[in-house]
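Worksheet for the structure shown next.
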Amino acid sequence: MTLFNERENAFEKQFTHNEELRFKATARRNKLLGLWVAERLGKTGPEAEAYARTVVQADFQEPGDADVLRKIRQDLESAGKAIDEAELSAKVQQLTDRAIAEIKAGS
233 MTLFNERENA FEKQFTHNEE LRFKATARRN KLLGLWVAER LGKTGPEAEA YARTVVQADF
293 QEPGDADVLR KIRQDLESAG KAIDEAELSA KVQQLTDRAI AEIKAGS
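With the sequence shown counted from 1, adding 232 to any position gets you the numbering used here.
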């Protein structure tokens with residue numbers, strides 16, 4: 233019975249570890265995405281950092297990426313800088329890959 237308990241604990245720890253990494257990667261991706269959008273909006277320095285934080289915070293409104301994507305689309309459209317779905321999807325994937333690589337590298 234202890235071998236079973238040990239395996240169960242190991243799986244639980246691995247699951248917890250994976251979820252923490254996923255959360256960190258998503259938060260990092262959202263920050264990078266926020267900085268990218270800030271640049272398109274003409275924001276730099278502290279203003280760009282502040283905007284990126286609002287993108288990260290937008291992710292806590294509902295599960296999934298819809299809340300973040302909705303915020304970005306609305307902000308860009310309000311500024312007259314609409315973006316097409318293909319470009320946004322490609323950028324999200326690119327920044328997701330970058331965030332995961334940075335997390336794995338310990339950056």
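By construction, the Cβ of each residue, glycine as well, lies at the ideal position given by its N, Cα and C atoms.
Please read all numbers here as calculations on a predicted model, not as lab measurements.
C-beta atoms of alanine 298 and tyrosine 283 nearer than 8 angstroms: no
Residues of its chain near lysine 313, where Cβ-Cβ distance is below 6 angstroms and the 5 sequence neighbours each way are ignored: Arg272
So glutamate 334 and arginine 260 are supposed to be a Cβ contact under 8 angstroms. How far apart are they, rounded? 6 angstroms
Does the distance from the CB of alanine 331 to the CB of alanine 257 come in under 8 angstroms? yes
Quick one, are the C-beta atoms of valine 287 and glycine 266 less than 8 angstroms apart? yes
Would you give the residue range spanned by the alpha helix (DSSP H) that isoleucine 335 belongs to? 317-337
What are the complete alpha helix (DSSP H) segments, minimum 4 residues, inside the segment 265-326? 277-290 and 298-310
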